[in-house]
């Protein structure tokens with residue numbers, strides 16, 4: 036499986052349903068490997084049968100489901116619905132979709148990445164016309180690719196991909212706030228919020244099978 040990372044920028048006003056984000060998950064910008072994925076080459080029939088959204092490409096870290104997957108001339112867009120916290124989950128356990136959604140809303144996390152495979156003949160070396168269109172850094176162009184999954188990631192590469200909008204939410208006060216500036220509570224729960232200024236830890240251990248990093 037190949038991966039292409041896309042940087043994300045938050046938009047302040049969304050107008051989206053709760054727990055939802057609209058993102059450009061891939062663009063025609065040249066990534067750090069010198070590759071360009073053409074949106075017109077997207078093949079997503081298999082993905083649409085089970086459109087899960089993951090964390091860091093880990094199948095044990097499911098965050099939600101994608102819908103309204105579509106292409107433009109220079110991007111692939113998708114709407115992400117983050118999973119609701121189960122009523123049966125003990126209150127002392129973190130719910131990763133809540134945490135990741137909050138990190139996106141705060142701008143702490145700012146990347147998406149597509150996991151894909153390339154069928155035979157789906158990649159070609161860049162031509163002079165490609166260099167003129169995409170820039171001097173392009174080395175190859177992927178004209179056909181199978182979307183297998185896409186993930187929220189912590190290390191972006193494609194600087195032009197944008198999180199178009201994200202639903203708003205407050206982070207309720209709680210013990211996690213004291214260490215991460217976050218809460219394990221559902222974002223649509225209590226309306227009182229606490230903001231912690233300063234750096235956040237880079238790693239958060241989750242009870243299996245749910246781990247953030």
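Residue numbers (the numbering used here): 36 to 248. All residues carry an ideal CB built from backbone N, CA and C; glycine is no exception. Keep in mind the model is a prediction, meaning the values are calculated, not measured.
Per-residue DSSP class, three states only, for residue 133: Residue 133 falls in the helix class under three-state DSSP.
C-alpha gap between residue 222 and residue 101, whole angstroms: Because residue 222 carries a pLDDT of 33, less than 50, the predicted location of this residue cannot be relied on, and the following value inherits that uncertainty. For residue 222 and residue 101, the distance between alpha carbons rounds to 20 Å.
Secondary structure of residue 73, DSSP reduced to three states: In the structure shown, residue 73 sits in coil (DSSP, three-state: anything other than H, G, I, E or B).
Buried/exposed call for residue 121, threshold 16 Cβ in 10 Å: Residue 121 should be labelled exposed.
DSSP state of residue 51 mapped onto helix, strand, coil: Here residue 51 sits in coil by DSSP.
Reference residue 189, options 85, 160 and 148, closest by Cα: Per the C-alpha coordinates, the member of 85, 160 and 148 positioned closest to residue 189 is 148.
Cβ separation of residue 181 and residue 81, assumed to be a contact under 8 Å, to the nearest whole Å: So it is a contact: roughly 7 Å between Cβ atoms.
Meets three-Cβ-pair contact criterion under 8 Å: the stretch 122-137 and the stretch 59-79: Segments in contact, no.
Helix, strand or coil at residue 234 [DSSP, three-state]: Unreliable positioning characterises residue 234 in this predicted model, as indicated by a pLDDT of 33, which lies under 50. The coordinate reading is nonetheless provided below. Residue 234: coil per DSSP, three-state reduction.
Cα-Cα separation between residue 59 and residue 186, rounded to whole angstroms: Rounded to whole angstroms, residue 59 to residue 186 spans 12 Å at the Cα level.
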